[in-house]
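Chains as they are written, first to last, in my numbering: chain L, 1 to 586; chain S, 587 to 1172.
Every residue gets a Cβ at the ideal spot worked out from N, C-alpha and C, and that includes glycine.
Reading through the structure tokens given below for one structure.
2 protein chains.
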Amino acid sequence: MTSNESGQGQLFAGAAEADMATKKAGKAGSSQKSPAKKAGSKKRTETAESMAKRQREISVSEFFTKNRHLLGFDSPRKALLTAVKEAVDNSLDACEEARIAPDLEVKIERIGSNEKQFRMIVEDNGPGIVKTQVPHVFGRLLYGSKFHRLRQSRGQQGIGISAAGMYGQLTTGQPVKVRSKAGRRAVPLEFTIRIDTAKNRPEFSDKPIEWDKKHGTEVAIPMEGEYRRGQRSIQEFLKLMAVANPHVNLKFTEPDGTVTEYQRNTNELPHEVEEIKPHPHGVELGILLKMIQESENRTTSAFLQQDFSRVGPTVAKEICEKAGVKPTTNPRRLDAKTVGRLKDAIDDTKIKAPPLSCIAPIGEDLIIKGLKKEVEADVYMAASRKPVVYRGRPFAVEVGIAYGRPGDTLEMTDSGKIVASSNKQKNDELLMGNADEPVRLIRFANRVPLVFQQSACAISKAVINTNWRNYGLQQPRGALPIGPMVIFVHIASVWVPFTSESKEAIAGYDEIMDELKRALMDCGRKLGKHVRKGKKLANEFKKRNYITMYIPHVVEALKDILELDDKEVDKATTNLTDVLERSRKL
Amino acid sequence: MTSNESGQGQLFAGAAEADMATKKAGKAGSSQKSPAKKAGSKKRTETAESMAKRQREISVSEFFTKNRHLLGFDSPRKALLTAVKEAVDNSLDACEEARIAPDLEVKIERIGSNEKQFRMIVEDNGPGIVKTQVPHVFGRLLYGSKFHRLRQSRGQQGIGISAAGMYGQLTTGQPVKVRSKAGRRAVPLEFTIRIDTAKNRPEFSDKPIEWDKKHGTEVAIPMEGEYRRGQRSIQEFLKLMAVANPHVNLKFTEPDGTVTEYQRNTNELPHEVEEIKPHPHGVELGILLKMIQESENRTTSAFLQQDFSRVGPTVAKEICEKAGVKPTTNPRRLDAKTVGRLKDAIDDTKIKAPPLSCIAPIGEDLIIKGLKKEVEADVYMAASRKPVVYRGRPFAVEVGIAYGRPGDTLEMTDSGKIVASSNKQKNDELLMGNADEPVRLIRFANRVPLVFQQSACAISKAVINTNWRNYGLQQPRGALPIGPMVIFVHIASVWVPFTSESKEAIAGYDEIMDELKRALMDCGRKLGKHVRKGKKLANEFKKRNYITMYIPHVVEALKDILELDDKEVDKATTNLTDVLERSRKL
């Protein structure tokens, strides 16, 4: 017997089948004896049949409603930020894909006098969304264009923005409002969208509106929230977003009307990323079998060349030969065992690394530019590594460092110790801590700041596992190094493996950990030179202080011995100081 | 316009619609000007239409195939353990629900000579699964009986075992085999099941077999894996499972044929848990609206009483009065605003806490019994707190402690310091570390051991945040305490909020963190008494050592002064020792 399910009318089909099963099967299985029976429960004993009655499908919306913390909606405060993040991600992806320099407006406003309810509004100048797609993009989980493509983007799952709407609906009972104008000549439309969570489908209405805009999208989500500034706030998220996206213009309006603007720093958009085909070395047997089923190619050779990247006629021939398969065989005729040999042959064949046009790292210059804009420091440096590959997926790691607080000056304490003394008040917005505090780590994945779950993230683990003592910093065991410093780390990839759907931390795959460590060391070496120079300076300062302290005494002694007059004393002092400065090159 | 989607024939419907949209909409939106245009990309510019073409549904199986690390299948080693865990969870849930004392067999065997391929087999004496349900339970993600019920169980999502099968299929191309006999008179069947990941539906066949068993289920999954012993191994997982489930008999066969048996320690099954209705205080506006839609009750008063727990006629009347709703009004006639008032009225009304029959804590006696069975220690203690409620969901926290290595003896070093010296080799299976190592923390949720992601777990955070110095232990800042000790922590709940689908760590909701801390302190106080007694003993030991050291010298002096003979010297020594022992109560 083979399943004849067609994928139609599936909702709760399981429950219906189970009901039938129960009617047929009667009471078999209820006569079991077991030690438990002695304990003597008065309740009806469950059987396979009574249990089957309750088996049913769980819709993905129901699942995430209950597990909302997986999506970043576990507290009212975090919920607002997560919603902003998802909306901004989508806007930036759409603008860049249409090669439009992004102009965004983010607004958080109170709903009436309710202390706990807010409306989050994000408006962009992107290409808009066509009418038929709007309800699905905003009213359905696991729906989108980015999941099936091998190319860098901020969004990748088709969950985020509809999850934000679902959370809003859950906590306020109110629908999502979306405005969209899909190009100059398109009619602007306003949609009102609710999600039927039991079905994971949108219920919606739309109407034409007046909207003085060439093209773009605006999403407004009412939700229970809590608005605060400071660490892990929307403000901080947007500030970090500006660091990693210097091509973005963004205006942010807070509930009290305060406006912050982030001006674009470069007119250059990130280079356009191209979609690639899977690389043969990343493919698993099950995936290979599925690709063969879905392929339109009728020969094994054509299948290998057309459905994978980096396979030409010669490589295809080599693979076929190793697997003992004729290149002209229809791949669908291969049995599972032969496909297994084909996979082994692929793994055994040297194939060029996948094309790197699918990812767009930021680059050392723009990292430094971005850091300079938002972090005051003495010195900036960056290391952007060449892309590499894990499981057939290209990725690149970049590290930037901003070091030293420009307001700090060197001072000698009574005990002769040199310390950096800060003339600035501690300020959350400075991003950088004091000299005796752990460095500030800012993490990014595909240009999106990661603000939660720092300790669970592969980036943090790599920073902690790097020996910063090599570069002149203090570092307690198993902790971040200490110093007036911001470390910026960015991973750009066609597929970032996050530790949960909320995309807050990166999973520690070995290949990623290794590359993170290399990038940190590259940038660390640059830092080391500077820190050592700084230490040398501090040492000089110390020595000079001692010598300067003794010069008057030396001169006094000379005066007595050589019977110098006051003028000669002044001259001797000047000369000695001069000699000191020349000899120590100060 | 309202969506007329019926939930039928939805697969890729979005893509089809998008195609139509593209044909209609032409090229609007492609004439935009932006700074980016100057950068001059040669590639075709994307528009709302071209982007819409790629929008489509992502099946939940596709999602988890790509994000397999969310399910615990990120490495071959972890994959084997995760699969065992999911199968054992299901078997134990089924046995307990049918009130059968569980007899399980777990077997890991190599497939042929392949170094990397294994078959995982788990067999139980549970009630079996009815024929129509088997393919869905094992061949479909998000399908099951536990998600929609408020009652404690190990499984809760309907993902685990089908995910294991999907991983097996992906890495070996082979299907899952399931045997089931749903009661004494049922025909035993064997199923061969594959998952169509694009549809998230099973493809299967079944046939009757000979199976000498009264009732039960066996699942066999071939998969790529890596078999190792030691920390975070299957062996360790099963050992911990036995600690928290003293009512289980389990036989484990390793690939090399080694057999380990865990014998049941009690004939008492965990008390039978009852399903409860949602508690009104946990309900959110969106959920309330949905419950009203789905309710069969025609008056608001009946709806409140029938669809929630702990609402009787008086409470229902009070809520209705506060909300200004007539108790006889059909709840479906209430507009969203009035339902909002109803929710506020619910929050404003005192309602009895939910019934606690839905959860089954282990209890202090069985925790201690379980620890004694698997951990050798000097002393055992436990604290099982009364269940409490978060978001309308009852949960209970239990802590157990095993302290002191019985093999350790006190010794005085040359410098007069007392140390515990271990006469045992370090042994992974002992579970307990040395006196100078961090304590061993073992975590459980609904009686399932959590073996991964310790640092991300609320339980670990609560242990670290507890001040163990109060109880006589050393504890470095921000770390686990130090000492020869095992801390056992169990959360029993109708819904455990895990940080990912792989159920490896618990999310840190405030209410859970608070209760964890209280339970740890309860047990910590018991520990404190013992540790202090131990310290007093160590001090006595030290003093006695000094005195014993001096007795011969004192006697020698007495001999000279009093001119004692040898016999008298012996007597004096005995007397002095005797006085010492009596005075110090040794």
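Checklist entry - Which residues, in chain order, does the region 135-158 of chain L contribute to contact with chain S at a C-beta distance below 8 Å? => result Pro135, His136, Val137, Arg140, Leu142, Tyr143, Gly144, Ser145, Phe147, His148, Arg149, Gln157 and Gly158
Item to check | Close Cβ partners of S/Ile1137 (< 8 Å) along its chain, the five nearest in sequence each way excluded | outcome: For the purposes of this step, residue 1137 of chain S is taken as the residue at position 551 of the second sequence. Correct list, in chain order: Thr1159, Leu1162, Thr1163 and Leu1166.
Next on the checklist: Assess contact between the region 148-167 of chain L and the region 437-450 of chain L, defined as three or more Cβ pairs (one per stretch) separated by less than 8 Å. Is contact present?
Outcome noted: yes
Next on the checklist: Using a Cβ-Cβ distance cut-off of 9 Å, determine whether S/Arg685 contacts chain L.
Outcome noted: Position 99 of the second sequence, counted from the start, is the residue given in the question as residue 685 of chain S. At least one chain L Cβ lies under 9 Å of S/Arg685.
Next on the checklist: Can you tell me which residues form a DSSP beta bridge with S/Leu657?
Outcome noted: For the purposes of this step, residue 657 of chain S is identified with residue 71 of the second sequence, where counting begins at 1. In DSSP, S/Leu657 forms no bridge with anything.
Next on the checklist: Taking 9 Å as the threshold (C-beta atoms), are S/Gln755 and S/Ile781 in contact?
Outcome noted: Position 195 of the second sequence, counted from the first residue, corresponds to residue 781 of chain S. Position 169 of the second sequence, counted from the first residue, corresponds to residue 755 of chain S. Yes; because the gap between Cβ atoms is below 9 Å, this pair is in contact.
Item to check | Cβ-based burial, L/Ile58 [other Cβ within 10 Å; buried from 16] | outcome: The residue given as residue 58 of chain L occupies position 58 in the first sequence. Counting Cβ neighbours within 10 Å, L/Ile58 comes out buried, since at least 16 surround it.
Checklist entry - Roughly how many angstroms lie between the CA atoms of S/Ile1147 and S/Met1135, to the nearest whole one? => result Position 561 of the second sequence, counted from the start, is the residue given in the question as residue 1147 of chain S. Position 549 of the second sequence, counted from the start, is the residue given in the question as residue 1135 of chain S. Their Cα atoms are separated by approximately 20 Å.
Checklist entry - Of the choices L/Arg201, L/Pro222 and L/Ala163, whose alpha-carbon is the least far from that of L/Asn114? => result As a position in the first sequence, residue 114 of chain L is number 114, starting the count at 1. The shortest C-alpha separation from L/Asn114 is found at L/Pro222.
Next on the checklist: Can you tell me whether L/Val187 is buried or exposed? The criterion is at least 16 other CB atoms within 10 Å of its CB, across all chains shown.
Outcome noted: As a first step, residue 187 of chain L is located in the first sequence; it is residue number 187 there, counting from the start. By the 10 Å Cβ count, L/Val187 comes out exposed.
Checklist entry - Does the beta carbon of S/Ser1041 sit closer than 9 Å to a beta carbon anywhere in chain A? => result Looking at the structure shown, chain A is missing, and the protein chains on hand are L and S.
Next on the checklist: Less than 7 Å between C-beta atoms, sequence neighbours within five positions excluded: which residues of the same chain meet that for S/Leu890?
Outcome noted: Here residue 890 of chain S refers to the residue found at position 304 of the second sequence. Excluding positions up to five away in sequence, the list reads Val897, Ala902 and Ile905.
Next on the checklist: So that I know if they touch, is there some Cβ in chain S lying closer than 9 Å to that of L/Trp495?
Outcome noted: The residue labelled residue 495 of chain L in the question sits at position 495 within the first sequence. Yes, because at least one Cβ of chain S sits closer than 9 Å to the Cβ of L/Trp495.
Checklist entry - Nearest to L/Ile108 by alpha carbon, out of L/Ala402, L/Glu226 and L/Gly433? => result Counting from 1 along the first sequence, the entry for residue 108 of chain L is found at position 108. If we check each option's Cα against that of L/Ile108, L/Glu226 comes out closest.
Item to check | L/Ser493 burial status per 10 Å Cβ neighbour count (16 or more: buried) | outcome: Here residue 493 of chain L corresponds to residue number 493 of the first sequence, with the count starting at 1. With 16 or more other Cβ atoms within 10 Å, it is buried.
Checklist entry - In terms of alpha-carbon separation, which member of L/Lys386, L/Gly404, L/Thr45 and L/Val463 lies closest to S/Glu860? => result The sequence position of residue 860 of chain S within the second sequence is 274, counting from 1. Out of L/Lys386, L/Gly404, L/Thr45 and L/Val463, L/Thr45 has the C-alpha closest to the C-alpha of S/Glu860.
Checklist entry - Using DSSP with H/G/I as helix, E/B as strand and the rest coil, what is S/Gln703? => result As a working mapping, residue 703 of chain S is identified with position 117 in the second sequence. The answer is strand: DSSP assigns S/Gln703 an E or B state.
Checklist entry - Using the beta-carbon count (16 or more within 10 Å), is S/Gln1011 buried or exposed? => result Within the second sequence, numbered from 1, the residue matching residue 1011 of chain S stands at position 425. Any reading at S/Gln1011 must be qualified, since the residue scores a pLDDT of 46, below 50, and its modelled position is unreliable; the value itself is stated next. Exposed is the call here.
Checklist entry - Under a CB-based cut-off of 9 Å, is S/Tyr1095 close to chain L? => result As a working note, residue 1095 of chain S is residue 509 in the second sequence. Yes, because at least one Cβ of chain L sits closer than 9 Å to the Cβ of S/Tyr1095.
Checklist entry - What in chain L is Cβ-close to S/Glu635, meaning under 9 Å? => result Within the second sequence, residue 635 of chain S is the residue found at index 49, counting from 1. Chain L residues near S/Glu635: Pro127, Val130, Ala182 and Gly183.
Next on the checklist: Taking the beta carbon of S/Gln879 as the centre, do at least 16 other beta carbons fall within 10 Å, making it buried, or is it exposed?
Outcome noted: Within the second sequence, numbered from 1, the residue matching residue 879 of chain S stands at position 293. Flag for S/Gln879 reads exposed.
Checklist entry - In its own chain, which residues sit with a C-beta less than 7 Å from the C-beta of L/Leu269, not counting the 5 before and 5 after it? => result By 1-based counting over the first sequence, the position of residue 269 of chain L is 269. Cβ neighbours of L/Leu269 beyond the five flanking positions: Glu96, Arg99, Ala101 and His247.
Next on the checklist: Contact defined as beta carbons within less than 8 Å: I believe S/Gly1094 pairs with S/Lys1047. What is the distance between those atoms, to the nearest angstrom?
Outcome noted: Locating residue 1094 of chain S in the second sequence gives position 508, where the first residue counts as 1. Locating residue 1047 of chain S in the second sequence gives position 461, where the first residue counts as 1. That belief holds up - the Cβ atoms of S/Gly1094 and S/Lys1047 are roughly 6 Å apart, short of 8 Å.
Checklist entry - Counting only runs that start and end within the region 1087-1112 of chain S, where is the beta strand (DSSP E) found for 3 or more residues in a row? => result none
Checklist entry - What residue does the beta strand (DSSP E) around L/Lys181 start on, and which one ends it? => result Position 181 of the first sequence holds residue 181 of chain L. That run of the beta strand (DSSP E) goes Val176 to Lys181.
Checklist entry - In chain order, what residues of the same chain lie with their CB nearer than 7 Å to the CB of S/Ile1050, ignoring the 5 residues before and after it? => result Taking the second sequence and counting its residues from 1, one reaches residue 1050 of chain S at position 464. For S/Ile1050, where only same-chain residues beyond five positions count, the Cβ hits under 7 Å are Gly1064, Ala1065 and Leu1066.
Item to check | Buried or exposed (CB count within 10 angstroms, at least 16 for buried), L/Glu49 | outcome: Within the first sequence, residue 49 of chain L is the residue found at index 49, counting from 1. By the neighbour-count rule (16 or more Cβ atoms within 10 Å), L/Glu49 is buried.
Item to check | Stretch pair the region 824-832 of chain S + the region 637-654 of chain S: three plus CB contacts closer than 8 Å | outcome: no
Checklist entry - When Cβ atoms are compared, which residues of the region 812-845 of chain S fall closer than 9 Å to chain L? => result His833
Checklist entry - Relative to the alpha-carbon of L/Val531, which residue among L/Pro497, L/Cys457 and L/Arg469 has its alpha-carbon at the smallest distance? => result Taking the first residue of the first sequence as 1, we reach residue 531 of chain L at position 531. For L/Val531, the nearest C-alpha among the options comes from L/Arg469.
Item to check | Secondary structure of L/Thr47, DSSP reduced to three states | outcome: Numbered from its first residue, the first sequence carries residue 47 of chain L at position 47. Residue state, collapsed to three classes: coil.
Checklist entry - So, helix, strand or coil for S/Lys785, using DSSP? => result What you label residue 785 of chain S is simply residue 199 of the second sequence in a count that begins at 1. DSSP places S/Lys785 in coil when its eight states are reduced to three.
Checklist entry - Where does L/Thr132 fall in DSSP's three states? => result Sequence index remark: in the first sequence, residue 132 of chain L carries index 132 (1-based). Reduced to three states, the DSSP call for L/Thr132 is coil.
Checklist entry - Roughly how many angstroms lie between the CA atoms of S/Glu962 and S/Val983, to the nearest whole one? => result Within the second sequence, residue 962 of chain S is the residue found at index 376, counting from 1. Within the second sequence, residue 983 of chain S is the residue found at index 397, counting from 1. Going by the C-alpha atoms only, they are around 24 Å apart.
Item to check | Check whether S/Ile1068 and S/Asp1022 have beta carbons under 9 Å apart | outcome: The count along the second sequence starts at 1 and reaches residue 1068 of chain S at position 482. The count along the second sequence starts at 1 and reaches residue 1022 of chain S at position 436. Result yes, Cβ atoms of S/Ile1068 and S/Asp1022 sit closer than 9 Å.
Checklist entry - So, helix, strand or coil for S/Asp679, using DSSP? => result Reading the second sequence from its first residue, position 93 is the one you call residue 679 of chain S. Here S/Asp679 sits in helix by DSSP.
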